[in-house]
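Numbering (this note's numbering), first residue to last: 454 to 832. All residues carry an ideal CB built from backbone N, CA and C; glycine is no exception. Predicted, not measured: the structure shown is a model, and the values here were computed from it. Heads up: the structure comes next, in structure tokens.
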Amino acid sequence: MNIHEYQAAEILQQYGIPINAGIVCDSADAAADAAQKIGGKVVIKAQVHSGGRGKAGGVKLAEGPDDARKVASEILGIDISGHIVNMVLVAPAVDIQREVYLGAVIDRDGRGVTVMASAEGGVDIEEVARDTPEKIHTETAHPHLGLRDYQCRRLAFKLGLEGKQVGGFAKIAKAVFKAFTEKDAGLCEINPLIINGDGEWQAIDSKITIDDNALYRQKAAEELRDLREENEIEVQARAHGISFVKLDGNIGCMVNGAGLSMATMDAVKFQGGEPANFLDVGGGASADQVTLALNLVLAEPDVKAVLINIFGGITRCDVVAQGLLEAMGKIDVKVPFVIRLIGTNQAEGQKLLADAGITVVERMDEAAKQVVAAAEGAA
Ligand code: GDP
Ligand code: MN
């Protein structure tokens, strides 16, 4: 789950990280008031679940309240990578002597948390990671021992830090690790972490994502959710207990079971197709659940064909077939679809569909091949 910069900043502040705190505003007038309250030069920043705001014109400086009103009205409403700006953060503008990058992610191979730092902090870190990855320095922290002092120093020296900057950096790096672990983050980063005009460390931009699988114990995080930023179909699916992830292809997939869903996507890709989504309709798929799932798959205008792949384990194929027929009676399915239905009571299930004029494919590779051809024919 993604959260906004200002929310991430509030979390990191609780861990003692010096943050350039600000005021969140949803109108140009509110931004002017905020600038008045803060006094002096301010920076106005789009609050959207997307990086690269600076390059997209979503981060600008303003001289005072009137300028802040003008700048905020320019930023509010713009589209940054498909996200409309509904809010801006107004914060005191700071002098930047130096910008570095600091972040933490899960390291599956190292069975720990990778803490990354780079002297090339700022808006081009993606290019640095791609073109000169050796400029990003890493330390793997043991999940229980945490990020050790020597690891912080090693990172600090690689950044070319000296004197009291080293200790200050170590404190912040440890706080990032602690926040990452305690908040069940998938990513926790500060970019840029800066040395300001007074020679002090300050976090200018914070980003945290929370592991969806940890939300059951991160109750406070759920309050930070901004539905305006999320894919509408994913939101609907979650409300009904269906696992749905939107993807970029044109073949809708409706499958029961997460493992079979992944195998289905592999099969589609193997035949040269691109899945439009991951969808696990769940174990005991009722007719209602199937109707809803089918609606979700078809809601995406890019979908050119649908593959329904159901394995009857605990759920019986005849019950699923009944559900499918009911669902299709309710929905006007305009795109071609391919059904694979096997498992418990498969003969009964297949007969029900056959009586309704629907042929069932038994082999998975054959089903994938047919749906890819159908999508190509329809495209
Ligand atoms: P991002 O583009 O989404 O990563 O947004 P950031 O919040 O990181 O802002 C982009 C860039 O704007 C930063 O890397 C800084 O160089 C610059 N910036 C942000 N706040 C200030 C500020 O208060 N003063 C100055 N001089 N530059 C700032
Ligand atoms: Mn940034």
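Tell me where the beta strand (DSSP E) around residue i begins and ends.
i: Gln550; result: Ile549 to Asp560
i: Glu592; result: Ile589 to Ala594
i: Lys498; result: Val495 to Ala499
i: Glu642; result: Ala638 to Asn649
i: Met569; result: Gly565 to Ser571
i: Ser480; result: Note, Ser480: premise wrong, no beta strand (DSSP E); not H, not E.
i: Ala544; result: Val541 to Pro545
i: Ala515; result: Val512 to Ala515
i: Val698; result: Ser696 to Lys699
Is it the case that the CB of residue i approaches a heavy atom of the ligand GDP more closely than 8 Å?
i: Arg506; result: yes
i: Leu514; result: yes
i: Glu552; result: yes
i: Lys498; result: yes
i: Glu580; result: no
i: Glu458; result: yes
i: Gly511; result: yes
i: Pro471; result: no
i: Ile661; result: no
i: Ala828; result: no
i: Ile549; result: yes
i: Ala544; result: yes
Can we count residue i as close to the ligand MN, meaning its CB is less than 8 Å from some heavy atom?
i: Asp520; result: no
i: Gly575; result: yes
i: Ile533; result: no
i: Asn644; result: yes
i: Ile589; result: no
i: Asp658; result: yes
What does the Cβ neighbour count give for residue i, buried or exposed, with the cut at 16 atoms within 10 Å?
i: Phe764; result: buried
i: Tyr468; result: buried
i: Phe723; result: exposed
i: Lys508; result: exposed
i: Tyr603; result: exposed
i: Tyr459; result: buried
i: Glu552; result: buried
i: Gln550; result: exposed
i: Gln596; result: Per the sequence presented here, residue 596 reads as Pro, with Gln not at that position. Under this definition Pro596 is an exposed residue.
i: Asn730; result: buried
i: Ser534; result: exposed
i: Lys673; result: The question names Lys, yet the displayed sequence has Ala at residue 673. Label assigned to Ala673: exposed.
i: Leu680; result: exposed
i: Tyr669; result: exposed
i: Asp771; result: buried
i: Glu635; result: exposed
i: Gly694; result: exposed
Measuring alpha carbon to alpha carbon, tell me which residue in the options is nearest residue i.
i: Lys617; options: Gly782, Val786 and Trp654; result: Trp654
i: Gly702; options: Glu829, Gly613 and Leu794; result: Glu829
i: Asp818; options: Gly574, Val791, Gln803 and Ile559; result: Val791
i: Ser696; options: Asp560, Ala746 and Ile648; result: Ala746
i: Cys605; options: Arg564, Val629 and Ala582; result: Val629
i: Ile657; options: Asn455, Met454 and Pro471; result: Pro471
i: Ala544; options: Gly505, Thr567, Ala484 and Val566; result: Ala484
i: Glu627; options: Ala557, Leu529 and Ala831; result: One point to set straight first is that residue 627 is Lys, not Glu, in the sequence displayed. It is Ala557.
i: Asn649; options: Ile784, Leu700 and Asp548; result: Asp548
i: Val576; options: Arg793, Val773, Gly504 and Asn455; result: Gly504
Start and end of the alpha helix (DSSP H) containing residue i?
i: Val786; result: That residue, Val786, is in no alpha helix (DSSP H); it is neither H nor E in DSSP.
i: Ser503; result: Ser503 -> no alpha helix (DSSP H), and no H or E assigned at all.
i: Leu805; result: Gln799 to Asp808
i: Gly635; result: Note on residue identity: the sequence assigns Glu, not Gly, to residue 635. First-last of the alpha helix (DSSP H) with Glu635: Lys617 to Glu635.
i: Ser526; result: Pro518 to Ile528
i: Met817; result: Met817 to Ala831
i: Leu614; result: From DSSP, Leu614 is part of no alpha helix (DSSP H); its letter is neither H nor E.
i: Leu465; result: Glu458 to Gln467
i: Ala509; result: Run containing Ala509: none; DSSP gives neither H nor E here.
i: Asp577; result: Where Asp577 is concerned, there is no enclosing alpha helix (DSSP H), given that its DSSP letter is neither H nor E.
Please give the ranges of any beta strand (DSSP E) in the segment 705-762, keeping only runs that are unbroken, at least 3 residues long and fully inside the region. 730-733
Fully enclosed by the segment 649-693, which alpha helix (DSSP H) runs are 4 residues long or longer? 672-675 and 685-692
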